[in-house]
Amino acid sequence: ILPSTLVAYMVSYVATAVVIPSCPTAIVMSSLVGSFVWALVFVIFLCVAAQFNIISILVGGFILGAVAYYLRLVWRLIPFAAVNLSVSLKGVSANCGIYIVAMIFSVAGFVCSILWLYILVGVMQAMDRSYEETHPRPEGVPEKEYREKEEGSPLHGFVFFSMLVSLYWTSKILGNTVQVTVAGVMATWCFVEQDAQSCCSPGVYSSLYRSLTYSFGSICMGSLLQALITAIRVVIQSARNQANSSRDECGGCGTVTLCILECIAKCLEDVLEYFNQWAWVYVGIYGYSYLEGGRKVVELFKARGFTAFVTNDLVGYVLGFTNFTVGILTGSIAILIQSQVDNSHSQDTSSLSYIYGSATSPHWISMGVGFIVGIAVSSVMMNVVRGAVNTLIVCFADNPSKMEDNHPESTQRMAQAWATAFPDAGLNSRPQYSVDV
Numbered sequence: 215i216l217p218s219t220l221v222a223y224m225v226s227y228v229a230t231a232v233v234i235p236s237c238p239t240a241i242v243m244s245s246l247v248g249s250f251v252w253a254l255v256f257v258i259f260l261c262v263a264a265q266f267n268i269i270s271i272l273v274g275g276f277i278l279g280a281v282a283y284y285l286r287l288v289w290r291l292i293p294f295a296a297v298n299l300s301v302s303l304k305g306v307s308a309n310c311g312i313y314i315v316a317m318i319f320s321v322a323g324f325v326c327s328i329l330w331l332y333i334l335v336g337v338m339q340a341m342d343r344s345y346e347e348t349h350p351r352p353e354g355v356p357e358k359e360y361r362e363k364e365e366g367s368p369l370h371g372f373v374f375f376s377m378l379v380s381l382y383w384t385s386k387i388l389g390n391t392v393q394v395t396v397a398g399v400m401a402t403w404c405f406v407e408q409d410a411q412s413c414c415s416p417g418v419y420s421s422l423y424r425s426l427t428y429s430f431g432s433i434c435m436g437s438l439l440q441a442l443i444t445a446i447r448v449v450i451q452s453a454r455n456q457a458n459s460s461r462d463e464c465g466g467c468g469t470v471t472l473c474i475l476e477c478i479a480k481c482l483e484d485v486l487e488y489f490n491q492w493a494w495v496y497v498g499i500y501g502y503s504y505l506e507g508g509r510k511v512v513e514l515f516k517a518r519g520f521t522a523f524v525t526n527d528l529v530g531y532v533l534g535f536t537n538f539t540v541g542i543l544t545g546s547i548a549i550l551i552q553s554q555v556d557n558s559h560s561q562d563t564s565s566l567s568y569i570y571g572s573a574t575s576p577h578w579i580s581m582g583v584g585f586i587v588g589i590a591v592s593s594v595m596m597n598v599v600r601g602a603v604n605t606l607i608v609c610f611a612d613n614p615s616k617m618e619d620n621h622p623e624s625t626q627r628m629a630q631a632w633a634t635a636f637p638d639a640g641l642n643s644r645p646q647y648s649v650d651v
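In our numbering, each residue carries its 1-based index in the sequence shown increased by 214.
This is how it looks when you write it as structure tokens:
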């Protein structure tokens with residue numbers, strides 16, 4: 215796992231610092247084309263599995279048509295997305311210590327998850343013992359029925375829901391703290407470049423300090439809202455799964471109701487997640503409260519006409535494609551490492567693996583472990599890049615003249631790409647600023 219982690223970090227860093235900045239436009243185009251190719255592969259698999267019946271052909275045609283129409287709509291936005299990505303990666307690479315901060319918080323999240331699981335088991339066992347002492351199992355009552363009655367008690371449900379909220383709240387706090395820190399670092403690079411020009415620059419540790427002190431209350435509030443909605447969705451999903459497995463007469467009606475509730479909760483969760491990724495930008499840049507930051511972002515994009523670009527997240531395609539590629543490369547290198555280790559410790563590698571023992575497919579196991587580790591490490595770094603891109607868009611929309619003072623070439627490139635993508639938007643190079651920097 216450790217070698218795979220190091221490989222994934224190195225591959226991700228090379229991809230974000232060298233490969234993508236060298237040809238951002240081609241990579242954005244390739245990612246979009248790749249999305250169509252994946253849709254085509256899925257449609258072919260669907261038709262083959264359904265033996266090319268009329269329904270599968272119609273559904274497949276609709277999917278391909280929708281993807282092709284979407285590509286046609288967003289193709290003109292590629293230059294602006296490419297410039298945003300290139301400039302953001304330039305700022306992040308100049309302050310690569312933010313990657314270290316993100317990795318540390320990710321490890322902390324993993325440790326907290328293990329601790330949470332340990333505590334959950336202990337709490338559930340304590341509740342089981344307490345229930346057995348206060349409600350002894352009557353004679354003739356099956357163990358399964360007795361346990362189902364215990365698990366259906368209000369106290370049991372309340373404790374489990376509270377534990378779920380604590381897990382998601384902790385996870386969201388850690389992730390959102392990183393996002394606020396990234397916003398602070400990127401804004402420092404945009405507006406005060408001399409404080410953000412090294413790995414552990416003043417912009418990195420001052421932004422982290424603000425996130426953990428002045429802005430921590432806003433982070434906790436926004437994270438709690440996300441955690442509550444996610445926990446509610448998980449509870450509804452669990453209840454729906456139980457309803458699907460039940461055989462009572464009202465099971466069908468209950469399942470439909472729970473399915474609708476789950477869909478509503480999922481929509482709320484997605485909307486809040488999308489809203490928050492921009493609210494954290496303002497919290498990180500200007501130190502606004504959570505609600506004030508969200509309101510400022512909405513006002514800014516409406517006033518500057520950036521709604522069209524926000525709804526077309528082309529950068530997400532590039533980051534997702536990069537994430538998947540890093541996973542494949544890390545898995546492949548993990549196979550090479552496993553083979554070299556086996557060859558150096560055993561003369562007969564056909565029967566036993568030095569790492570995995572008598573596993574029948576050690577190469578596939580290595581590939582799987584490397585792929586998962588690569589995806590996990592790369593996701594952390596890609597989330598940093600995504601936060602940097604969001605921050606750059608806000609900084610450019612809010613105060614382009616201040617950006618131009620520090621980065622004249624990058625600002626001009628962004629302005630030209632914006633004018634090309636949206637010739638009717640008329641973004642002035644020096645608009646009236648909504649916020650003084």
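Cβ atoms here follow ideal geometry from the backbone N, Cα and C, with glycine treated the same way.
query                                                                                                                                                                          : result
If you count every other CB in all the chains shown that lies within 10 Å of the CB of Thr427, and 16 or more means buried, which is it?                                       : exposed
Among the residues of its own chain, which have a CB less than 7 Å from the CB of Leu278, if the five just before and after it don't count?                                    : Ala253, Leu254, Val257
On a Cα-Cα basis, can you pick out the residue from Met435, Val448, Glu476 that is closest to Ser503?                                                                          : Met435
Gly389 by DSSP, collapsed to three states: which one?                                                                                                                          : helix
Helix, strand or coil for Asp527? Go by DSSP, reduced to three states.                                                                                                         : coil
What does the alpha-carbon distance come out to for the pair Ser592 and Ala222?                                                                                                : 7 Å
Report yes if the CB atom of Gly398 is closer than 8 Å to the CB atom of Gly498, and no otherwise.                                                                             : yes
For Gln408, count the other beta carbons within 10 Å of its own beta carbon; 16 or more makes it buried, fewer makes it exposed. Which is it?                                  : exposed
If Ser625 and Pro637 are in contact, beta carbons under 8 Å, what's the gap, nearest whole angstrom?                                                                           : Here the sequence assigns Thr to residue 625, which means Ser is not the residue at that position. About 19 Å; that fails the 8 Å criterion.
Hey, could you find the ends of the alpha helix (DSSP H) Gln626 is sitting in?                                                                                                 : 622-635
In terms of residues, what are the limits of the alpha helix (DSSP H) holding Gly417?                                                                                          : 416-426
So is Asn458 buried or exposed if we call it buried at 16+ other beta carbons inside 10 Å?                                                                                     : exposed
I'd like to check one pair, Gly584 with Ser320: are the Cβ atoms closer than 8 Å?                                                                                              : no
Leaving aside the five residues before and after Val599 along the sequence, list all residues of the same chain whose C-beta is less than 7 Å from its C-beta, in chain order. : Thr230, Ser302, Leu303, Val306, Leu533
Quick one, are the C-beta atoms of Ala493 and Val470 less than 8 Å apart?                                                                                                      : no
Which runs of the alpha helix (DSSP H), 4 residues or longer, sit entirely within the stretch 426-502?                                                                         : 430-459, 465-500
In terms of residues, what are the limits of the alpha helix (DSSP H) holding Asn298?                                                                                          : 292-308
Do Arg454 and Cys473 have their C-beta atoms within less than 8 Å of each other?                                                                                               : yes
Return the chain-ordered list of same chain residues with a C-beta closer than 6 Å to the C-beta of Val225, the five sequence neighbours on each side being excluded.          : Val540, Leu543
What does the alpha-carbon distance come out to for the pair Met595 and Val281?                                                                                                : 27 Å
Would you identify the three-state DSSP class for Pro537, choosing helix, strand or coil?                                                                                      : Per the sequence presented here, residue 537 reads as Asn, with Pro not at that position. Helix at Asn537.
Can you tell me the Cβ-Cβ gap for Thr395 and Ser421, rounded? I've got them flagged as a contact below 8 Å.                                                                    : 5 Å
Could you tell me whether the Cβ of Asp409 comes closer than 8 Å to any Cβ of chain B?                                                                                         : Among the chains in the structure shown there is no chain B, since it carries only a single protein chain.
Can you list, in chain order, the residues of its chain with a C-beta nearer than 8 Å to that of Tyr227? Leave out the 5 residues immediately preceding and following it.      : Cys310, Tyr313, Met595
Just to confirm, are Met581 and Val297 a CB contact at a threshold of 8 Å?                                                                                                     : no
For Gln408, which three-state DSSP category applies?                                                                                                                           : helix
Using DSSP with H/G/I as helix, E/B as strand and the rest coil, what is Ala264?                                                                                               : coil
If we ignore side chains and look at the alpha-carbon of each, how far apart do Tyr284 and Leu334 end up?                                                                      : 45 Å
Contact between the stretch 267-274 and the stretch 321-329 is defined here as three or more beta-carbon pairs at a separation below 8 Å; is this criterion met?               : no
In three-state terms, what does DSSP make of Pro350?                                                                                                                           : coil
Could you work out which residue in Asn620, Gln630, Gly336 is closest to Thr402 when comparing CA atoms only?                                                                  : Asn620
Alpha carbon to alpha carbon, how far is Cys404 from Leu388? Give it in angstroms, no decimals.                                                                                : 25 Å
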